[in-house]
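What follows is one structure encoded as structure tokens, with my remarks underneath.
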Amino acid sequence: MGMLFILLFFVSLFYIAISGRLFTVLNLLILQGLLLFGVAIIELNEINIVNLLIVLLETLIFKAWFMPNYLKKVVNRNNIKRQVNPYISGFNSLIIISVIIIGNLIFAYYIQNTFLKPAYIAAAFSGILTGLFLIISRKEILMHLVGYVVLENGIVLLSFSVGKEMPFAVNAGILLDILISVLIFGLFINKIGKMFEDMDITKLTSLSD
Amino acid sequence: MVLAAIILLSLVFPGIIVKVKSKTSGRKGPSVWQPVYDLVKLFRKEAVYSKTTSWIFAWAPVMYFASVIMAALMLPLGKHGAVISFQGDFIFFIYLLGLGKFFMIVAALDTGSAFEGMGASREALYSMLVEPAFFILLASLALLSGTTSFETFFHSLTFNSSIAIFIGVLATYLIFHVALLENSRMPYDDPKTHLELTMIHEVMVLDYCGFDLALIQWAGHLKFVLYSLLVTNLFIAPSFPTWLTLLVFVTITLLFAVAVGFVESFRARHKLRNNNKAIVILIPIAILIFFGSMLIMNKLF
Numbered sequence: 019m020g021m022l023f024i025l026l027f028f029v030s031l032f033y034i035a036i037s038g039r040l041f042t043v044l045n046l047l048i049l050q051g052l053l054l055f056g057v058a059i060i061e062l063n064e065i066n067i068v069n070l071l072i073v074l075l076e077t078l079i080f081k082a083w084f085m086p087n088y089l090k091k092v093v094n095r096n097n098i099k100r101q102v103n104p105y106i107s108g109f110n111s112l113i114i115i116s117v118i119i120i121g122n123l124i125f126a127y128y129i130q131n132t133f134l135k136p137a138y139i140a141a142a143f144s145g146i147l148t149g150l151f152l153i154i155s156r157k158e159i160l161m162h163l164v165g166y167v168v169l170e171n172g173i174v175l176l177s178f179s180v181g182k183e184m185p186f187a188v189n190a191g192i193l194l195d196i197l198i199s200v201l202i203f204g205l206f207i208n209k210i211g212k213m214f215e216d217m218d219i220t221k222l223t224s225l226s227d
Numbered sequence: 279m280v281l282a283a284i285i286l287l288s289l290v291f292p293g294i295i296v297k298v299k300s301k302t303s304g305r306k307g308p309s310v311w312q313p314v315y316d317l318v319k320l321f322r323k324e325a326v327y328s329k330t331t332s333w334i335f336a337w338a339p340v341m342y343f344a345s346v347i348m349a350a351l352m353l354p355l356g357k358h359g360a361v362i363s364f365q366g367d368f369i370f371f372i373y374l375l376g377l378g379k380f381f382m383i384v385a386a387l388d389t390g391s392a393f394e395g396m397g398a399s400r401e402a403l404y405s406m407l408v409e410p411a412f413f414i415l416l417a418s419l420a421l422l423s424g425t426t427s428f429e430t431f432f433h434s435l436t437f438n439s440s441i442a443i444f445i446g447v448l449a450t451y452l453i454f455h456v457a458l459l460e461n462s463r464m465p466y467d468d469p470k471t472h473l474e475l476t477m478i479h480e481v482m483v484l485d486y487c488g489f490d491l492a493l494i495q496w497a498g499h500l501k502f503v504l505y506s507l508l509v510t511n512l513f514i515a516p517s518f519p520t521w522l523t524l525l526v527f528v529t530i531t532l533l534f535a536v537a538v539g540f541v542e543s544f545r546a547r548h549k550l551r552n553n554n555k556a557i558v559i560l561i562p563i564a565i566l567i568f569f570g571s572m573l574i575m576n577k578l579f
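In the order they appear, the protein sequences are chains A and B. Residues in the first sequence are numbered consecutively from 19, following the working numbering. Residues in the second sequence are numbered consecutively from 279, following the working numbering.
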């Protein structure tokens, strides 16, 4: 079952690469949050109950509910353009992400480490690299945020792959980071939305006071 | 017996597609048997050959039809083994279909018509693009079963794990799209329009008539049923009794036809320019199937 979630995670990465609509991407973030929740339930049955509960709450409430819905609200409130506007076309992104995923599968296959599960490693690194790729290849500032969240999902998967030795503090720290960044971006977009209709970063260069 | 089922279903298949398309657009539509009447009518007529063509043009439809029938002989159905079966026959299967297509392409070039040359080049390009996806799919089945013959491919894919179901769903989707592409159906090409600039498959057979045209059309219908037979094999176990196997086969084929009808009714044709991208997108799906079968085989642990 856990492996099925990993496969669906790959599907969501492919889909994020080609989807041209902002709301599809945000829904995919919800899907990824739910997948992480499922993986956490299946994999982390050995850590102590408080940590487990916090992880489950984090994935379900924060990743699958709060963050995507907050971003949706930001989009709705500011009349942001709902098409994704990439530097690299969806098709080419798909090819690049396929290469990333295949590369990571090969990489994971060669790491025969007893502590780490290769499938999780592959999914985690694919998530991280896909997140970075989304950040450099999309024009909207919201998509940069989405890339950031995908990257974080990859890191969470990486921490799941070590199972019960999961450094909980690291995860919490990253979570806090992302939470603050989402809030700041939200505020930033809410404020700046009154001045500029567009959140295209190529046009934001002409900002002045 | 399997071959008889394939041939019977291939006669009904196009009729059902047309019927579904008519119903969804609020028309009554022709009888389900109309394509059969058309075929019979065409079979009675004799073929007329253009003076610019050579023997290839006359031979190509026969080769095409023969290759499809031969391919049909290589597919098993549940416990009923294939008529022809040997190690590595899945590669032979793909290249048999390829051989038929090659003859159609050569024949289209043989006519010397610019339109047909254009269609031939598109057909060649799209078959080339879809080939990796189909090969990866069959290779993952080979990986799962540990053998390289259709006979044993499907035996090992039992649906006792969630990943197997996942693979089944993805493989069905993939085969469906390969079938649509091979027959130049809706999202890739519109068989209704006789607009030369958008046509792929139809344009190659413009110069055929009578008996030859009937062979080509029938071979196309047969191909659809072949792909639905592949899908059926994903979902049946060799332990099924004969009547159940046949029932599943007929049901899946009819569902397949209905699905094609719905896709044709509700989807727009891709821009021709975007077709090759749409086809290459099938490859990641095949890669996911491959990855899933590696997981089932525990190669990744």
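All C-beta atoms in this analysis are idealised placements derived from N, C-alpha and C, irrespective of residue type, glycine included. None of the values given here were measured: they were computed from a predicted structure.
Notebook entry, point to check: Mind checking whether A:F28 and A:S144 have CB atoms under 8 angstroms apart?
Noted result: Indexing the first sequence from 1 puts residue 28 of chain A at position 10. Indexing the first sequence from 1 puts residue 144 of chain A at position 126. Between A:F28 and A:S144, the C-beta gap is smaller than 8 angstroms, which places the two residues in contact.
Check: Hey, is the segment 482-499 of chain B in contact with the segment 313-324 of chain B, meaning 3+ C-beta pairs nearer than 8 angstroms?
Finding: These segments touch.
Checklist line | alpha helix (DSSP H) segment containing B:K297, residue limits | finding: Your numbering for residue 297 of chain B matches position 19 in the second sequence. Note, B:K297: alpha helix (DSSP H), 280-302.
Note to self: Counting beta carbon pairs with one atom in the segment 383-394 of chain B and one in the segment 332-352 of chain B, are three or more of them shorter than 8 angstroms?
What the structure shows: The answer is yes - the segment 383-394 of chain B touches the segment 332-352 of chain B, with three or more Cβ pairs under 8 angstroms.
Margin query: 8 angstroms is my cut-off, CB to CB: does B:I270 come that close to chain A?
Written below: The question about residue 270 of chain B has no answer, for chain B in this structure spans 279 to 579.
Next item on the list: For B:S345, count neighbouring C-beta atoms within 10 Å of its own C-beta (all shown protein chains included) and say buried if the count is 16 or more, exposed if not.
Entry: If you number the second sequence from 1, residue 345 of chain B lands on position 67. Buried is the call here.
Checklist line | Under the three-state DSSP convention, the category A:Q101 falls into | finding: Position 83 of the first sequence, counting from 1, holds the residue named residue 101 of chain A. Assigned with DSSP and collapsed to three states, A:Q101 falls in strand.
Note to self: If I measure Cβ to Cβ from B:I494 and keep anything under 8 angstroms in the same chain, skipping five residues before and after, which residues do I get?
What the structure shows: By 1-based counting over the second sequence, the position of residue 494 of chain B is 216. Its chain contains P339, Y342, F343, M382, V483, Y486 as the residues whose beta carbon lies nearer than 8 angstroms to that of B:I494, once the 5 sequence neighbours on both sides are disregarded; these appear in chain order.
Notebook entry, point to check: Residues of chain B with a CB under 8 angstroms from the CB of A:N109: which are they?
Noted result: Taking the first residue of the first sequence as 1, we reach residue 109 of chain A at position 91. First, the amino acid is wrong: residue 109 of chain A is Phe here, not Asn. Going along chain B in sequence order, the residues near A:F109 (Cβ under 8 angstroms) are K555, V558, I559.
Check: Does the beta carbon of A:I118 sit closer than 8 angstroms to a beta carbon anywhere in chain B?
Finding: What you label residue 118 of chain A is simply residue 100 of the first sequence in a count that begins at 1. At a cut-off of 8 angstroms between beta-carbon atoms, A:I118 makes no contact with chain B.
Note to self: Can you give me the C-alpha to C-alpha distance between B:L407 and B:F413, rounded to a whole angstrom?
What the structure shows: Here residue 407 of chain B corresponds to residue number 129 of the second sequence, with the count starting at 1. Here residue 413 of chain B corresponds to residue number 135 of the second sequence, with the count starting at 1. Cα-Cα distance, rounded: 11 angstroms.
Check: CB A:D25 to CB B:G424, shorter than 8 angstroms?
Finding: Translated into the one-based positions of the first sequence, residue 25 of chain A becomes position 7. Translated into the one-based positions of the second sequence, residue 424 of chain B becomes position 146. In the sequence as displayed, the identity of residue 25 of chain A is Leu instead of Asp. Taking C-beta atoms as the reference points, A:L25 and B:G424 fail to come closer than 8 angstroms.
Note to self: Quick check: what's the CA-CA separation for B:F444 versus B:I567?
What the structure shows: Mapped onto the second sequence, residue 444 of chain B falls at position 166. Mapped onto the second sequence, residue 567 of chain B falls at position 289. If I take the Cα positions, the gap works out to 8 angstroms.
Check: Among the residues of its own chain, which have a CB less than 6 angstroms from the CB of A:P104, if the five just before and after it don't count?
Finding: Working through the first sequence from its first residue, we reach residue 104 of chain A at position 86. For A:P104, the CB contacts under 6 angstroms within the same chain, skipping 5 residues up- and downstream, are S155, R156 in chain order.
Check: Between which two residues does the alpha helix (DSSP H) carrying B:T520 extend?
Finding: For the purposes of this step, residue 520 of chain B is taken as the residue at position 242 of the second sequence. Taken as a continuous stretch (DSSP letters only), the alpha helix (DSSP H) holding B:T520 covers 520-544.
Check: At a Cβ threshold of 8 angstroms, is A:L22 touching chain B?
Finding: Position 4 of the first sequence, counting from 1, holds the residue named residue 22 of chain A. True, the Cβ-Cβ gap to chain B drops below 8 angstroms.
Next item on the list: Show which residues of chain B have a CB atom less than 8 angstroms away from the CB atom of A:F28.
Entry: For the purposes of this step, residue 28 of chain A is taken as the residue at position 10 of the first sequence. Residues of chain B whose Cβ lies closer than 8 angstroms to the Cβ of A:F28 are, in chain order, L566, F569.
Checklist line | Inter-residue CB distance, A:A142 and A:G172 (contact presumed, cutoff 8 angstroms) | finding: Walking along the first sequence from the start, residue 142 of chain A turns up at place 124. Walking along the first sequence from the start, residue 172 of chain A turns up at place 154. Contact flag correct, Cβ pair sits at about 5 angstroms.
Margin query: Which complete alpha helix (DSSP H) runs does the segment 467-496 of chain B hold, if anything under 4 residues is left out?
Written below: None, since the segment 467-496 of chain B contains no complete alpha helix (DSSP H) of that length.
Item checked: Rounded distance between the beta-carbons of A:I207 and A:I159, thought under 8 angstroms -> Within the first sequence, the letter at position 141 stands for residue 159 of chain A. Within the first sequence, the letter at position 189 stands for residue 207 of chain A. Contact between A:I159 and A:I207 holds, since their C-beta atoms are separated by about 7 angstroms, short of 8 angstroms.
Margin query: Helix, strand or coil for B:L355? Go by DSSP, reduced to three states.
Written below: Residue numbering aside, residue 355 of chain B sits at position 77 when the second sequence is read from its first letter. DSSP, read as helix, strand or coil, puts B:L355 in strand.
Note to self: Could you check whether the segment 519-537 of chain B touches the segment 549-557 of chain B, counting it as contact only if at least three pairs of C-beta atoms, one from each stretch, sit closer than 8 angstroms?
What the structure shows: At 8 angstroms Cβ cutoff, the stretches do not touch.
Note to self: Can you check which of these residues, B:L415, B:K301, B:F540, B:D316, is closest to B:F368 by C-alpha distance?
What the structure shows: Against the second sequence, residue 368 of chain B aligns to sequence position 90. Comparing C-alpha distances from B:F368 to each of B:L415, B:K301, B:F540, B:D316 shows the shortest one belongs to B:L415.
Item checked: In DSSP terms, what A:R39 is bridged to -> Taking the first residue of the first sequence as position 1, residue 39 of chain A is located at position 21. For A:R39, which the question treats as bridged, DSSP gives the partners A:Q101.
Item checked: Where A:L25 meets chain B, residues with beta-carbon distance less than 8 angstroms -> Along the first sequence, read from residue 1 onward, the residue named residue 25 of chain A stands at position 7. Under a criterion of Cβ atoms nearer than 8 angstroms, the residues of chain B adjacent to A:L25 are, in order, I441, F444, L566, F569, G570, L573.
Checklist line | Alpha-carbon spacing of A:L201 relative to B:H433, whole angstroms | finding: By one-based count along the first sequence, residue 201 of chain A stands at place 183. By one-based count along the second sequence, residue 433 of chain B stands at place 155. About 53 angstroms.
Checklist line | C-beta neighbour in chain A for B:P562, strict 8 angstroms | finding: Along the second sequence, one-based indexing puts residue 562 of chain B at 284. Chain A, which has a Cβ nearer than 8 angstroms to the Cβ of B:P562, makes this yes.
Next item on the list: For A:F32, decide whether its Cβ has a neighbour in chain B, counting only Cβ atoms nearer than 8 angstroms.
Entry: Start at 1 with the first residue of the first sequence, and residue 32 of chain A comes out as number 14. So yes, A:F32 belongs to the interface.
Next item on the list: Indicate whether the contact test is met: 3 or more Cβ pairs, each with one atom in the segment 296-316 of chain B and one in the segment 454-464 of chain B, closer than 8 angstroms.
Entry: Taking 8 angstroms as the limit for Cβ pairs, the verdict is that the segment 454-464 of chain B does not touch the segment 296-316 of chain B.
Notebook entry, point to check: Since A:L52 contacts A:L62 with CB under 8 angstroms, what's their CB separation in whole angstroms?
Noted result: In the first sequence, residue 52 of chain A corresponds to position 34, counting from 1. In the first sequence, residue 62 of chain A corresponds to position 44, counting from 1. In fact, because the Cβ distance is near 16 angstroms, the residues do not count as touching under 8 angstroms.
Notebook entry, point to check: Among residues of its own chain, excluding the 5 on either side of B:V506, which ones have a beta-carbon nearer than 7 angstroms to its beta-carbon?
Noted result: Position 228 of the second sequence holds residue 506 of chain B. Here the sequence assigns Ser to residue 506 of chain B, which means Val is not the residue at that position. Sequence-distant partners of B:S506 (beyond 5 residues in either direction) whose C-beta falls short of 7 angstroms from its own C-beta, in its chain, are I530, T531, F534.
Next item on the list: Indicate whether B:V310 and B:I294 have their beta-carbon atoms separated by less than 8 angstroms.
Entry: Taking the second sequence and counting its residues from 1, one reaches residue 310 of chain B at position 32. Taking the second sequence and counting its residues from 1, one reaches residue 294 of chain B at position 16. Cβ distance < 8 angstroms, so B:V310 and B:I294 count as in contact.
Note to self: If you reduce the DSSP assignment to three classes, tell me which class A:E76 lands in.
What the structure shows: Walking along the first sequence from the start, residue 76 of chain A turns up at place 58. In the structure shown, A:E76 sits in a helix (DSSP, three-state: H, G or I).
Check: Can you tell me whether B:P562 is buried or exposed, with buried defined as 16 or more other CB within 10 angstroms of its CB?
Finding: Residue mapping note: residue 562 of chain B aligns to position 284 of the second sequence, counting from 1. So B:P562 counts as buried.
Check: Using the beta-carbon of each residue, which ones in chain B are nearer than 7 angstroms to A:L123?
Finding: By 1-based counting over the first sequence, the position of residue 123 of chain A is 105. Under the 7 angstroms cutoff, chain B gives F569.
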